[in-house]
Amino acid sequence: MQPTVINTAVNQISSIQYQVASVDKITSPPNGGDGDWYRYVLTGGRCPITGLRRGTLLEVTEHARRCAKDLNDRSNGKRLSAWSPRRSKTV
96 MQPTVINTAV NQISSIQYQV ASVDKITSPP NGGDGDWYRY VLTGGRCPIT GLRRGTLLEV
156 TEHARRCAKD LNDRSNGKRL SAWSPRRSKT V
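If you want this note's numbering, it's the 1-based position in the sequence shown plus 95.
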């Protein structure tokens, strides 16, 4: 019975899909400079992921969507780790 339990857990983990839960305007963080700041929240994993970004509502929303897509791609094995090199080195 153990392999079935493990396989079920792996399937549940791999089916997690991150999504943008909210994008809210906030006051500028200390030393944040001028401009509009927003906090975005991604949900779908074990715990919410919160980020801050300066820009327009549309720019920050698009950034949050790209982050969610990148996380989903990595968890589904479509992309490499965030820490791996993006291109192979040429000699």
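Here a beta-carbon is modelled for each residue, glycine too, at the ideal position from N, C-alpha and C.
Notebook entry, point to check: Assuming Ala116 and Thr138 make a contact with CB atoms under 8 Å, what is their CB distance in whole Å?
Noted result: 4 Å
Next item on the list: Give the C-beta separation of Thr151 and Asp131 to the nearest angstrom, bearing in mind that I take them to be a contact with Cβ-Cβ under 8 Å.
Entry: 7 Å
Next item on the list: Under 8 Å by Cβ, that's how I've got Lys120 and Tyr135 pegged, so tell me the actual separation to the nearest angstrom.
Entry: Not a contact, Cβ separation roughly 11 Å.
Check: In three-state terms, what does DSSP make of Ser117?
Finding: It is a strand residue.
Next item on the list: Can you give me the start and stop residues for the alpha helix (DSSP H) that Thr122 sits inside?
Entry: From DSSP, Thr122 is part of no alpha helix (DSSP H); its letter is neither H nor E.
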